[in-house]
Amino acid sequence: MRKKLLFLLLIVAIMVTPLFAGGDSEKAGSKEVKLTLWNSSQTMVEWYDEVVTPAFKEMYPEVTDVEVLYLPIQDFVKKLAVALPSGDVPDIMEIEDSWATPYLTAGYFDPNTPELNRILDQMRPELKNTVTYKGKTYGVPVAPFHELFFYNLDMMAEAGITEIPDTMDEVIQAAVKMTKRDATGKIERSGFSMRLGGNPSGTSQKFWVLGLLPNGVDIWEESKTQPGKYHAGFDNEGGYNALKMYLEMLYKYEVDDFASMKDTEAFAKERTAINMREPSAAVSIERQGPNVNWVAAPMPVGNVRRATFLITLNLYVPKDSPKANKDLARKYIELATSEKMQDNNAINRAGFHPYTSVDPASFVQDRLKPGFAMPDDMHIITVPVHNAYDMAQVKLGEALPNILKKAELVNDPEGIKREVAYLASLVNDAYAEFDEYAE
Amino acid sequence: MNILKNKQQRTDFIFVMSVLIPIMVLFTIIRFIPILQTFGVSFFKKSMIRPERSFIGFENYTYILKDKEFIRSLMNTLFISFFSVTLSVVFGLFLAMQVNNAIIKGMKFWQAVLFIPVIVSMVPSTLMWKMLFDYNFGVVNYVLNVIGLRSIDWINNESIVRWPIVIVGIWKEMGYNMMIFFVGLKAVPHELYESADIDGATKSQKLWYITLPQIKPITLFITVMSFIKFIKVFTQAFVMTSGSQSSGNIFKTLVYYIYQQGFTFHSMGRASAASMVLLIIVFVLTWFQMRLSKD
Chain A
10 MRKKLLFLLL
20 IVAIMVTPLF
30 AGGDSEKAGS
40 KEVKLTLWNS
50 SQTMVEWYDE
60 VVTPAFKEMY
70 PEVTDVEVLY
80 LPIQDFVKKL
90 AVALPSGDVP
100 DIMEIEDSWA
110 TPYLTAGYFD
120 PNTPELNRIL
130 DQMRPELKNT
140 VTYKGKTYGV
150 PVAPFHELFF
160 YNLDMMAEAG
170 ITEIPDTMDE
180 VIQAAVKMTK
190 RDATGKIERS
200 GFSMRLGGNP
210 SGTSQKFWVL
220 GLLPNGVDIW
230 EESKTQPGKY
240 HAGFDNEGGY
250 NALKMYLEML
260 YKYEVDDFAS
270 MKDTEAFAKE
280 RTAINMREPS
290 AAVSIERQGP
300 NVNWVAAPMP
310 VGNVRRATFL
320 ITLNLYVPKD
330 SPKANKDLAR
340 KYIELATSEK
350 MQDNNAINRA
360 GFHPYTSVDP
370 ASFVQDRLKP
380 GFAMPDDMHI
390 ITVPVHNAYD
400 MAQVKLGEAL
410 PNILKKAELV
420 NDPEGIKREV
430 AYLASLVNDA
440 YAEFDEYAE
Chain B
3 MNILKNKQQR
13 TDFIFVMSVL
23 IPIMVLFTII
33 RFIPILQTFG
43 VSFFKKSMIR
53 PERSFIGFEN
63 YTYILKDKEF
73 IRSLMNTLFI
83 SFFSVTLSVV
93 FGLFLAMQVN
103 NAIIKGMKFW
113 QAVLFIPVIV
123 SMVPSTLMWK
133 MLFDYNFGVV
143 NYVLNVIGLR
153 SIDWINNESI
163 VRWPIVIVGI
173 WKEMGYNMMI
183 FFVGLKAVPH
193 ELYESADIDG
203 ATKSQKLWYI
213 TLPQIKPITL
223 FITVMSFIKF
233 IKVFTQAFVM
243 TSGSQSSGNI
253 FKTLVYYIYQ
263 QGFTFHSMGR
273 ASAASMVLLI
283 IVFVLTWFQM
293 RLSKD
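So the sequences go chain by chain: A and B. 10 is the number of the first residue of the first sequence in this note's numbering; add one for each residue after it. 3 is the number of the first residue of the second sequence in this note's numbering; add one for each residue after it.
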């Protein structure tokens, strides 16, 4: 009997112990607070841990830590889809603008307080576009980045090119001169590293900024007859020229192909002469190829205009985050997005300084400065808060590589028109999914 | 006596139920109810991240059956399943026969070595194969160059990348198949081979008329189980075609299609409809196996 009783007590103890073990310090009577922040940008983790959090802890001694949970992008996207609807969320979330859109429009984030809006008001007006929905603002940009070109100066010198190209035609001519092949004709070094695959969103982002925007068109455009409704904006001459340029770079000028090494890795290993990327790629280039002699430059002038995008990582306070920590979470966002911290972000991460009063080029290293100088003719485009936008990007990015594999299209204007119409239909399908926007 | 027998039966019944019910309840909660819910959701327009939903009948099914991407994903999945299953069964049987005949020394060791791929996680395995098939630095292209052939872009072409994906599948599966076949071969009575030897049967005759008929149930089991496994292929196709140096998930499989509908486009209705199609395929295969087993 005694043994049975002891056994029962042991079972009860095992079951009850976890209930007491999990209590947080605040409930135990202490005022200590720990904040949590989820992000998907590895380089930002260091910045939060080493720059923002120490300063925040000094300002608010009751905060023992700000724990940053980094997740690679694929896992982060899955986590967002599960965590936000279930309410199992951290105090702060850092999300890239277009990925946040479905959750923002579904009401998963707190609208900005007047203090956060005051910060937003000091930032470039284009950035407000990425956090505004139905007249209200949600979140504050913490790490905006734009697109620029990286040039290998040694390869340029070797090819006898003395000036950084300013137009897309000049870029292609320079790329032709810098492309190198082996005896079998295989590209050993591409003249220009084209984005021909990888994450579909990224593929369409590059097509957007290199192909569509310089040709004066966009992925979407507002209806002329029904304001507030949208359709694909490139089923026209601009879209035709964009796809034609991509095909010609591959099959007429042959400055790149599908098999050659791509992107920052290729640039750092001197397997490409020109690469288009965001400025933070400079950090990877310096790590992987410390001896590469490079310089950055702004996006060249296309057929119609010069343009770049401004994409941002924004900080949001989830609606279901712990109520007791909400004020501190907002204070953390205020600090991370303050002008002083953004100075530091520009210095350490080559971030695009979001404050209107600051020249974005003023804090970055000399080699990057030319890429931050915004010529007067530069159009800066941001991602709108449209539910359909992400789906449109994914569909476009998935279809594009398969179209670009059709070498025969380069001499087939009607074929190019057909493919542009097909791509546009994918974007229209995406908008049609959301009655709110479809024309 | 009769009462005792009944008592015994009652005790047995209580024991069996007390063991089975918790498992059945667990199975119902984590398997059966979600399947029913998935079936239900497949008739609704339902976003993963919004609470509201509307009944749309078979619209999700008609959408996916008209969707070129779905058909492409299904065809890709069937291709991978067919070749991976066939070749992993053939290689598995071949290896099991070598191990069973102990043709070289240290067969137990080689048996263990051949089983290693089965226990290695799919992601690192696929990354390793991806490096081997890399256009610029891969060993496969190096070997091709050495024998005077041109490099092949294995990863960036939808019609070519399917073969590396099949190879990863065979490499992972054949060790498991070998073990099962090995057990089956051990159970074949020796007398049959001795009689065949007396009758002067050749090796291939023994294989065709003794070994294969004797291990038919095991072959059937392996084939169907492998097919069910490969019809759900995802990781190797996803990892092989992901990353900035790759062509961006050009080789879409059925599970990837479901994943994309659910997690990227947040369309739970379509993801559920596609899941039900997958379920039907698996059901048909299971029925097929049971039917053949009866025969």
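For glycine and all other residues, C-beta sits at the position ideal for the given N, C-alpha and C.
In the DSSP assignment, find the beta strand (DSSP E) that holds residue i and state where it starts and stops.
i                          : result
leucine 252 (chain A)      : Segment 246-260 is the alpha helix (DSSP H) holding leucine 252 (chain A); no beta strand (DSSP E) there.
histidine 192 (chain B)    : Not the beta strand (DSSP E): histidine 192 (chain B) falls in the alpha helix (DSSP H), residues 192-200.
leucine 44 (chain A)       : 42-48
aspartate 191 (chain A)    : Premise fails: aspartate 191 (chain A) is in no beta strand (DSSP E) and is neither H nor E.
isoleucine 252 (chain B)   : Careful: isoleucine 252 (chain B) lies outside any beta strand (DSSP E) and carries neither H nor E.
asparagine 161 (chain A)   : 157-161
methionine 102 (chain A)   : 101-105
tryptophan 229 (chain A)   : 229-231
methionine 285 (chain A)   : 283-286
leucine 78 (chain A)       : 72-79
phenylalanine 57 (chain B) : 55-57
alanine 306 (chain A)      : 303-306
tyrosine 239 (chain A)     : 239-241
For residue i, which of the options has the nearest alpha-carbon?
i                           : options                                   : result
proline 209 (chain A)       : A:Tyr440, A:Tyr398, A:Glu423 and A:Leu418 : A:Tyr398
glycine 467 (chain A)       : A:Ala338, A:Asp163 and A:Gln131           : The structure shown does not extend to residue 467 (chain A), since chain A spans only 10 to 448, so no value can be given for it.
lysine 110 (chain B)        : B:Phe57, B:Phe184, B:Glu175 and B:Val279  : B:Phe184
lysine 253 (chain A)        : A:Thr281, A:Gln374 and A:Lys426           : A:Lys426
serine 277 (chain B)        : B:Gln263, B:Trp289 and B:Phe290           : B:Gln263
leucine 294 (chain B)       : B:Ser244, B:Leu222, B:Asn103 and B:Glu160 : B:Leu222
isoleucine 252 (chain B)    : B:Tyr178, B:Phe229, B:Ile162 and B:Phe265 : B:Ile162
tyrosine 117 (chain A)      : A:Leu125, A:Asn126 and A:Thr146           : A:Thr146
tyrosine 431 (chain A)      : A:Glu417, A:Ala408, A:Ala441 and A:Ala416 : A:Ala408
leucine 187 (chain B)       : B:Lys234, B:Thr213 and B:Ile73            : B:Thr213
serine 153 (chain B)        : A:Lys143, A:Ser107 and A:Phe267           : A:Phe267
phenylalanine 443 (chain A) : B:Tyr261, B:Lys48 and B:Trp165            : B:Lys48
phenylalanine 45 (chain B)  : B:Phe285, B:Leu281, B:Ile35 and B:Ala273  : B:Ala273
aspartate 69 (chain B)      : B:Phe290, B:Leu256, B:Ile118 and B:Lys296 : B:Leu256
histidine 388 (chain A)     : A:Glu197, A:Pro134, A:Glu71 and A:Asp265  : A:Pro134
serine 86 (chain B)         : B:Met227, B:Leu116, B:Arg74 and B:Gln113  : B:Met227
threonine 266 (chain B)     : A:Ser107, A:Glu67, A:Lys332 and A:Val42   : A:Ser107
leucine 256 (chain A)       : A:Ile412, A:Val292, A:Lys349 and A:Thr139 : A:Ile412
threonine 518 (chain A)     : A:Pro422, A:Ala316, A:Arg358 and A:Pro369 : Here chain A has residues from 10 to 448 only, and residue 518 (chain A) is not among them.
serine 56 (chain B)         : B:Met130, B:Tyr65, B:Gly42 and B:Ile66    : B:Gly42
valine 419 (chain A)        : A:Ala251, A:Ser289 and A:Phe318           : A:Ala251
Grab the span of the alpha helix (DSSP H) containing residue i for me, first residue to last.
i                           : result
phenylalanine 290 (chain B) : 270-296
glutamate 61 (chain B)      : 61-68
valine 140 (chain A)        : Valine 140 (chain A) -> no alpha helix (DSSP H), and no H or E assigned at all.
tyrosine 178 (chain B)      : 160-188
lysine 426 (chain A)        : 422-441
alanine 277 (chain A)       : 272-277
For this session: Please name the residues in the segment 145-161 of chain B whose beta-carbon is closer than 7 Å to at least one beta-carbon of chain A, in chain order.
Result: The residues in question are Arg152, Ser153, Asp155 and Asn158.
For this session: Output the residue ranges of the beta strand (DSSP E) runs that lie fully inside the segment 312-395 of chain A and measure 3 residues or longer, sorted by chain position.
Result: 315-325 and 387-391
For this session: Please name the residues in the segment 45-60 of chain B whose beta-carbon is closer than 7 Å to at least one beta-carbon of chain A, in chain order.
Result: Going along the segment 45-60 of chain B in chain order, one finds Met50, Ile51 and Arg52 with a Cβ nearer than 7 Å to chain A.
For this session: Report the residues of the segment 78-100 of chain A with a CB closer than 7 Å to any CB of chain B, ordered along the chain.
Result: The segment 78-100 of chain A vs chain B, Cβ under 7 Å: Val86, Lys87, Ala90, Leu93 and Pro94.
Exercise. When Cβ atoms are compared, which residues of the segment 104-122 of chain A fall closer than 7 Å to chain B?
Worked result: Pro111, Tyr112 and Ala115
Exercise. Can you list, in chain order, the residues of the segment 382-405 of chain A whose Cβ is nearer than 7 Å to any Cβ on chain B?
Worked result: Met400 and Val403
Exercise. Can you list, in chain order, the residues of the segment 262-277 of chain A whose Cβ is nearer than 9 Å to any Cβ on chain B?
Worked result: Asp266, Phe267, Ala268, Ser269, Met270, Lys271, Asp272, Thr273, Glu274 and Ala275
Exercise. Below 8 Å, can you find three or more Cβ-Cβ pairs linking the segment 230-244 of chain B to the segment 67-86 of chain B?
Worked result: yes
Exercise. Three or more C-beta pairs closer than 8 Å, one from the segment 386-397 of chain A and one from the segment 322-330 of chain A: is that the case here?
Worked result: With a cut-off of 8 Å, the segment 322-330 of chain A and the segment 386-397 of chain A do not count as touching, because too few Cβ pairs lie within range.
Exercise. Of the residues that make up the segment 62-78 of chain A, which ones have a beta carbon closer than 8 Å to any beta carbon in chain B?
Worked result: Taking 8 Å as the Cβ-Cβ cut-off against chain B, none of the residues of the segment 62-78 of chain A qualify.
Exercise. With contact counted as at least three CB pairs below 8 Å, one residue from each stretch, are the segment 154-163 of chain A and the segment 294-306 of chain A in contact?
Worked result: yes
Problem set entry | Where the segment 126-146 of chain B meets chain A: residues whose CB sits under 8 Å from a CB there | Tyr137 and Asn138
Problem set entry | Contacting positions in the segment 264-285 of chain B - beta carbon closer than 7 Å to chain A | Phe265, Thr266, Phe267 and His268
Problem set entry | the segment 331-342 of chain A touching the segment 129-139 of chain A, judged by at least three CB pairs closer than 8 Å | no
Exercise. Which ranges does the alpha helix (DSSP H) cover as unbroken runs of at least 4 residues, wholly within the segment 112-151 of chain B, from first to last along the chain?
Worked result: 124-134 and 141-148
Problem set entry | Contact the segment 142-152 of chain B vs the segment 52-66 of chain B: 3+ CB pairs below 8 Å | no
Exercise. Between the segment 372-392 of chain A and the segment 180-198 of chain A, are three or more C-beta pairs nearer than 8 Å?
Worked result: no
For this session: Would you check if there are 3 or more beta carbon pairs closer than 8 Å linking the segment 215-230 of chain A to the segment 188-196 of chain A?
Result: Not touching, per the Cβ criterion.
Problem set entry | Contact residues within the segment 187-204 of chain A, judged by C-beta distance below 7 Å to chain B | Thr193 and Lys195
For this session: Say whether the segment 98-112 of chain A touches the segment 326-333 of chain A, bearing in mind that this needs 3 or more beta-carbon pairs closer than 8 Å, one atom from each stretch.
Result: yes
Exercise. Does the segment 343-355 of chain A come close enough to the segment 58-77 of chain A that 3 or more CB-CB pairs lie under 8 Å?
Worked result: yes
Problem set entry | Unbroken stretches of the beta strand (DSSP E), 3 residues or longer, contained in the segment 17-56 of chain B | 46-48
Exercise. Is the segment 173-181 of chain B touching the segment 116-128 of chain B, taking contact as three or more C-beta pairs under 8 Å?
Worked result: yes
For this session: Anything in the segment 161-174 of chain B with a Cβ closer than 8 Å to a Cβ of chain A? List those residues in chain order, please.
Result: none
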